[in-house]
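Novice: Residues 551 to 713 in the working numbering are what the sequence shown spells out, letter by letter.
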Amino acid sequence: MSLELVVARSLNNVIGNNGDIPWKVRGEQKLFKEITMNSVLIMGRKTFESIGRPLPGRETIIVTRNAQYHQPDCTTASGLAQAIDIATQYEKAIFIIGGGEIYGQALPLATGVHITTVQCEVNGNIYFPVFPTNDFTLVNEKHFQSNIDYLYQHYKRREQIES
551 MSLELVVARS LNNVIGNNGD IPWKVRGEQK LFKEITMNSV LIMGRKTFES IGRPLPGRET
611 IIVTRNAQYH QPDCTTASGL AQAIDIATQY EKAIFIIGGG EIYGQALPLA TGVHITTVQC
671 EVNGNIYFPV FPTNDFTLVN EKHFQSNIDY LYQHYKRREQ IES
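Below you can see the structure in the form of structure tokens.
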């Protein structure tokens, strides 16, 4: 099973500020779409609410502690383990797309991580967890020039590469 994280962060590791992404970078969302199209997205409730709708061409699983929480065209799960169990039934790539708490739970399970680092420092209150670079190998890297430059890096877990 492939379980990969997709994250955009600032140079100071911020991923959000009060439910919003604290930057607007031309082209970064296109990259996200290319990576995640025709897959299953797992996200926390707050991340879903910041997006506001299920993304076209992708299955959406929302992790929430609220058993009464439902959104059209989405599946809800009470925790990450249940979300992963549901996602595997689709037989598609699975991507964790936030937020901070879900990333923290999923990082030890991840087979890969797609990190976009926006080349600026911003204020925020949601952070990406410390990334254990020793557990992963960089397999792809690309620099993008935009209104704010950004660096895309794709990492694979070392034991995934060695086996």
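For each residue, glycine too, the CB sits at the ideal point set by N, CA and C.
Please read these numbers as outputs of a predicted model, since none were measured by experiment.
For tyrosine 700, which of helix, strand or coil comes out of DSSP?
Specialist: The answer is strand: DSSP assigns tyrosine 700 an E or B state.
Novice: Taking the beta carbon of threonine 683 as the centre, do at least 16 other beta carbons fall within 10 Å, making it buried, or is it exposed?
Specialist: Exposed: under 16 other Cβ atoms inside 10 Å.
Novice: Taking serine 552 as the reference, which of Asn697, Gln669, Ala656 has the closest Cα?
Specialist: Taking only the C-alpha atoms, the option nearest serine 552 is Ala656.
Novice: Using 10 angstroms around the beta-carbon of asparagine 631, count the other beta-carbons present and answer buried if the total reaches 16, otherwise exposed.
Specialist: Reading off the sequence, residue 631 comes out as alanine, not asparagine. Alanine 631 is exposed by the Cβ-count criterion.
Novice: Does DSSP classify lysine 596 as helix, strand or coil?
Specialist: Lysine 596 falls in the helix class under three-state DSSP.
Novice: Could you tell me the boundaries of the alpha helix (DSSP H) in which phenylalanine 681 lies?
Specialist: Where phenylalanine 681 is concerned, there is no enclosing alpha helix (DSSP H), given that its DSSP letter is neither H nor E.
Novice: Threshold first: 4 residues or longer. Then list the alpha helix (DSSP H) segments lying entirely within the segment 621-690, N to C.
Specialist: Taking only runs of at least 4 residues, the alpha helix (DSSP H) segments lying wholly in the segment 621-690 are 630-638, 650-656.
Novice: By Cβ distance below 7 Å, which residues in the same chain neighbour tyrosine 677 in space, the five residues on each side in sequence not counted?
Specialist: Cβ neighbours of tyrosine 677 beyond the five flanking positions: Asn563, Val564, Ile565, Gly650.
Novice: When DSSP builds the beta bridges, which residues end up paired with serine 552?
Specialist: Serine 552 is not bridged to any residue.
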